[in-house]
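Here is the structure we will look at, set down as structure tokens.
Protein chains in written order, with my numbering: chain X, 3 to 472; chain H, 3 to 472.
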């Protein structure tokens, strides 16, 4: 593309994004298209000759935008509300232009070293132990898989070399986690060939945190059967309710029995930059590995997940393979040695931009404000006769439901209200099930969210309920 | 960031990238910094308060650029030469702004459906069978891992459910590939818990393609020992030499024995858009899965790897897990069901831009030109008394070495020449070992490469050799 065209279209796209960020609030949060809408609007083959880029840009508005669910929308409260920041977008622009494949240090010293520096900054901002080394992967699922693979390697059972099929010397390996644990743990176990049977799901207590007594008993029962504990997964900020497992107690169990402790704080890790919440991390020094996702609640565009690990050499032992054409003389960190992926994007650039532009204080202020807003919303729920809270608000997620007197089936009522709101496009909520009950989840995390957005949701909820009850 | 600032800095970055693309040729290809150069220049903690973005941009030139190895440089001939295109960068800008996590169809209908459409376009451009379904992952390593996981699932050995540890009913599973196969196969086997022992590496013939007779014999020998064949991996365009396995013969072996056929054409897949090269795909209709990387030789920024698969339901059977908060009523494709990653970036956007802007003809012309340039370079090697070709030039990679008369240690000579060129920053070459010999690799793939860039490398090679011989 001629330089002048690149400038012209590049500026157009920047302006388009600026407008998008400004006017997004008027768009429906969930895409309002029917399945296959976009597919049927597109030709069945790539164009024979190249098109003018003007034509492509036109389709952004006509075809792409209507089919986008706006994760950046201030009324996106579903799942975990996440959003990119302006400087995060700048980071991705430049990363795409540099197009690094940071397999070896020499194929991108910038990416290799900036990753080490930014992950050190982040670790220290969260008050994590200094002996942790960070590495960036794409998603928490992949970070977690690497953590469990490192734990598997640490067992010294020659699983890297000899695998697990056709062996009669391997006991059943077991991974313990709570029934509130994220599905990525189970998916990791499936991927790693450990299977669903290796997962031991422990009951939780009234706060949806793992019941340490149950955990101890499960391990004991397994040991009696000749099974081998591989890892215990504790969560700080579960997906359903943001409940927090007791790291101190679980850490002691791990320490006493020599079991790998993995801590999943993919969501809540960002909140650990606030000293007033640091008590949730009591016992964290016993963690062998920790997952934190800056692409969740740290204003960094997806994807950027971080694995902190005490013994990075376990990852290297598990994964390093150097074919001839990648052999180099330098004594350096070659990041391809630490995971399944050979090439790696220059992801630290956007994280660096975010940390520099907002600064530690700016980031703290934003996360704090989200927590304030969530607690404010929770107070409205609490003060209402028609709604009730269903879990503690530890961070910026509110679990609640409508519970007006005289309703035979509150689960159905709440599901209907949620579907009504979501399909209206006014806001997006998601749900979970707690003790068999259908519960609404409202997550606060967009960089663009203000009090008025939560007020709007609350008003809709109240009027929806009123409409149905009258 | 205020809208006007976003525009201002956004335009500045677009202009910066435009200049970068234009002037890159004057920069050294390989970063010339020493290890730790960048690390020691950066502060030890994130700034307390936010910085003016001007400051951040200043560091782009002063700190980042010198530590970048320029993959886009027209004289980057190492590994596989890959490069982003201008419109690819535009695609990433917008993908970052939309910040989609396309786990469910509803969380991004646009990403879900555009992926299906663009991968259909690409499949048809490459002349692949219409019954293949495509799915985008980040890297070929991860695509390959999913292919083998699908093959593992297809065995019906309850590995998803029961895993492989603590079982006495599982035979040793075996995956066959050539000794020229990419390291990602072995890494996949390690990850999946199959281990290095499950890999059966078959000798290659004089063309570095798998010896079918050896393959048959290896399978027979394994069956006698009670092992179970899981998958055969054939490669179209190996990394060392771009050699091509005979799909017809290997496909017959797979068909006769009911073994999964996986075809790795991560690199050479892009060249299959040229009808004159389609003969390399004879027999492809027997493939159960195929990997192609548009981020390699299709001008699409890293990362975007595609897995085509005949039975996507095997992936779903292997990986689908739907927690309560992700349960939806729609009968649609939810891409989280097809792999380990839950969220997925809006990667198809950049691929769509590339295919529309260049068109089928534009893409063909560029790939054809790269092949012409590689063959031209090979002809210079062939015509020279001091250099020799070491492998067929099937696509756009030349394997060659200096072989002047009277040199006692040509391996050392070639290694020294390569190191000299690479450290000069003038060009970047890589190497491999073929039949124990150190061989230089020159890959042609940058969207900016012209004949003069190859001439430059050839001149440097000749004068380096002369300098050493005189």
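All C-beta atoms in this analysis are idealised placements derived from N, C-alpha and C, irrespective of residue type, glycine included.
Practice problem: List in chain order: all unbroken alpha helix (DSSP H) runs of 4+ residues lying wholly within the segment 397 to 437 of chain H. | Solution: 412 to 426
Exercise. Starting from residue 210(X), follow the alpha helix (DSSP H) in both directions and report where the run begins and ends.
Key: Along the first chain, one-based indexing puts residue 210(X) at 208. No alpha helix (DSSP H) contains residue 210(X), which DSSP labels as neither H nor E.
Practice problem: For the segment 35 to 105 of chain X, list the alpha helix (DSSP H) runs that are entirely contained and at least 4 residues long, ordered along the chain. | Solution: 39 to 43, 55 to 61, 88 to 100
Quiz item: residue 448(X) to residue 75(X), Cα distance in whole Å?
Solution: The residue given as residue 448(X) occupies position 446 in the first chain. The residue given as residue 75(X) occupies position 73 in the first chain. In a straight line, the C-alpha of residue 448(X) is about 7 Å away from that of residue 75(X).
Quiz item: Does DSSP put residue 267(H) in a helix, a strand or coil?
Solution: Looking up residue 267(H) in the second chain gives position 265. Here residue 267(H) sits in coil by DSSP.
Self-check item: Nearest residue (CA-CA) to residue 335(X), options 325(X), 347(X), 348(X), 314(X)
Solution: Locating residue 335(X) in the first chain gives position 333, counting from the first residue. Closest by alpha carbon: 314(X).
Exercise. Note down the Cα distance separating residue 160(H) from residue 178(X), rounded to an integer number of angstroms.
Key: Reading the second chain from its first residue, position 158 is the one you call residue 160(H). Reading the first chain from its first residue, position 176 is the one you call residue 178(X). If I take the Cα positions, the gap works out to 21 Å.
Quiz item: Along the segment 268 to 286 of chain H, what residues have a CB closer than 8 Å to any CB found in chain X?
Solution: Listed by position, the residues of the segment 268 to 286 of chain H near chain X (Cβ gap below 8 Å) amount to none.
Practice problem: Report buried or exposed for residue 171(X), applying the criterion of at least 16 other Cβ atoms within 10 angstroms of its Cβ. | Solution: Sequence index remark: in the first chain, residue 171(X) carries index 169 (1-based). Residue 171(X) is exposed by the Cβ-count criterion.
Quiz item: Roughly how many angstroms separate the alpha carbons of residue 164(H) and residue 97(X), rounded to a whole number?
Solution: What you label residue 164(H) is simply residue 162 of the second chain in a count that begins at 1. What you label residue 97(X) is simply residue 95 of the first chain in a count that begins at 1. One C-alpha to the other measures close to 41 Å.
Quiz prompt | Test: residue 33(H) CB closer than 7 Å to a CB of chain X | solution = For this step, residue 33(H) is matched to residue 31 along the second chain. It does; some Cβ of chain X falls within 7 Å.
Self-check item: Listed by chain order, chain X residues near residue 196(H) by CB distance under 8 Å
Solution: Taking the second chain and counting its residues from 1, the one referred to as residue 196(H) is at position 194. Within 8 Å Cβ-Cβ: 165, 166, 167, 195.
Quiz item: Can you tell me whether residue 205(X) is buried or exposed, with buried defined as 16 or more other CB within 10 angstroms of its CB?
Solution: Counting from 1 along the first chain, the entry for residue 205(X) is found at position 203. Classification for residue 205(X): exposed.
Quiz item: Is there contact here, the segment 22 to 37 of chain H with the segment 419 to 436 of chain H, by at least three beta-carbon pairs under 8 Å?
Solution: yes
Exercise. Using 10 angstroms around the beta-carbon of residue 381(H), count the other beta-carbons present and answer buried if the total reaches 16, otherwise exposed.
Key: The residue labelled residue 381(H) in the question sits at position 379 within the second chain. Under this definition residue 381(H) is an exposed residue.
Quiz item: Does the segment 143 to 151 of chain H touch the segment 342 to 349 of chain X, meaning 3 or more C-beta pairs lie closer than 8 Å?
Solution: yes
Quiz item: Pick from 464(H), 375(H), 353(H): whose alpha carbon is nearest that of residue 91(H)?
Solution: Residue mapping note: residue 91(H) aligns to position 89 of the second chain, counting from 1. Closest option to residue 91(H), Cα to Cα, is 353(H).
Exercise. Measure from the C-beta of residue 185(X) to each C-beta in chain H and report whether the shortest distance is under 7 Å.
Key: As a working mapping, residue 185(X) is identified with position 183 in the first chain. Judged by the 7 Å Cβ criterion, residue 185(X) is in contact with chain H.
Quiz item: Considering only residues of the same chain and omitting the five flanking positions on each side of residue 193(H), which have a CB-CB separation below 7 Å?
Solution: Residue mapping note: residue 193(H) aligns to position 191 of the second chain, counting from 1. Excluding residues within five positions, the ones whose Cβ falls inside 7 Å are 147.
Practice problem: Can you check DSSP and say which residues form a bridge with residue 233(X)? | Solution: Stepping through the first chain from its first residue, residue 233(X) is reached at position 231. DSSP, once it has assigned bridges, lists 177(X), 262(X) as partnering residue 233(X).
Quiz item: Nearest-angstrom Cα distance between residue 9(X) and residue 6(H)?
Solution: Taking the first chain and counting its residues from 1, the one referred to as residue 9(X) is at position 7. Taking the second chain and counting its residues from 1, the one referred to as residue 6(H) is at position 4. The alpha-carbon atoms of residue 9(X) and residue 6(H) are separated by roughly 18 Å.
Quiz item: So is residue 465(H) buried or exposed if we call it buried at 16+ other beta carbons inside 10 Å?
Solution: Residue 465(H) sits at position 463 when you count from the first residue of the second chain. So residue 465(H) ends up on the exposed side.
Quiz item: How about residue 398(X) and residue 372(X): are their beta carbons less than 7 Å apart?
Solution: Along the first chain, one-based indexing puts residue 398(X) at 396. Along the first chain, one-based indexing puts residue 372(X) at 370. Yes. Within cutoff.
Quiz item: Do residue 445(H) and residue 23(H) have their C-beta atoms within less than 7 Å of each other?
Solution: The sequence position of residue 445(H) within the second chain is 443, counting from 1. The sequence position of residue 23(H) within the second chain is 21, counting from 1. For residue 445(H) and residue 23(H), no; Cβs fall outside 7 Å.
Quiz item: Taking Cβ positions, are residue 404(X) and residue 416(X) nearer each other than 7 Å?
Solution: Locating residue 404(X) in the first chain gives position 402, counting from the first residue. Locating residue 416(X) in the first chain gives position 414, counting from the first residue. Against a cut-off of 7 Å, the Cβ pair of residue 416(X) and residue 404(X) comes out as a contact.
Exercise. With 7 Å as the threshold, decide whether the Cβ of residue 426(X) is near any Cβ in chain H.
Key: Taking the first residue of the first chain as position 1, residue 426(X) is located at position 424. No, residue 426(X) lies away from the interface with chain H (no Cβ there is under 7 Å from its Cβ).
Self-check item: Burial state of residue 477(X) (16 or more Cβ within 10 Å)
Solution: A question about residue 477(X) goes unanswered here, because the residues of chain X that appear run from 3 up to 472.
Quiz prompt | Neighbour list for residue 119(X) in chain H, Cβ cutoff strictly below 9 Å | solution = In the first chain, residue 119(X) corresponds to position 117, counting from 1. Scanning chain H for C-beta atoms nearer than 9 Å to the C-beta of residue 119(X) yields 40, 41, 44, 45, 46, reported in chain order.
Quiz item: Residues of chain X with a CB under 9 Å from the CB of residue 361(H): which are they?
Solution: Taking the second chain and counting its residues from 1, one reaches residue 361(H) at position 359. Neighbours of residue 361(H) on chain X, chain order: 48, 49, 50, 51, 52, 53.
Quiz item: Based on Cα-Cα distance, which residue from 317(X), 356(X), 364(X), 385(X) lies nearest to residue 151(X)?
Solution: Taking the first residue of the first chain as position 1, residue 151(X) is located at position 149. Among 317(X), 356(X), 364(X), 385(X), the Cα nearest to that of residue 151(X) is on 317(X).
Self-check item: residue 16(H), DSSP secondary structure in three states
Solution: In the second chain, the residue the question calls residue 16(H) occupies position 14. Looking at residue 16(H) - three-state DSSP - the assignment turns out to be helix.
Quiz prompt | Exposure label - residue 281(X); buried when at least 16 CB within 10 Å | solution = Taking the first chain and counting its residues from 1, one reaches residue 281(X) at position 279. When all chains shown are included, residue 281(X) counts as exposed.
Quiz item: Could you give the distance in angstroms between the alpha-carbon of residue 355(X) and the alpha-carbon of residue 95(X)?
Solution: Taking the first chain and counting its residues from 1, the one referred to as residue 355(X) is at position 353. Taking the first chain and counting its residues from 1, the one referred to as residue 95(X) is at position 93. Residue 355(X) and residue 95(X): Cα-Cα distance of roughly 12 Å.
Exercise. Answer yes or no: do residue 246(H) and residue 271(H) have a C-beta to C-beta separation smaller than 7 Å?
Key: Residue mapping note: residue 246(H) aligns to position 244 of the second chain, counting from 1. Residue mapping note: residue 271(H) aligns to position 269 of the second chain, counting from 1. The answer is no: Cβ separation not under 7 Å.
Exercise. Helix, strand or coil for residue 308(X), going by three-state DSSP, please let me know.
Key: Taking the first chain and counting its residues from 1, one reaches residue 308(X) at position 306. Three-state DSSP puts residue 308(X) in a strand.
Quiz item: Which residues, in chain order, does the segment 238 to 252 of chain X contribute to contact with chain H at a C-beta distance below 8 Å?
Solution: 241, 242
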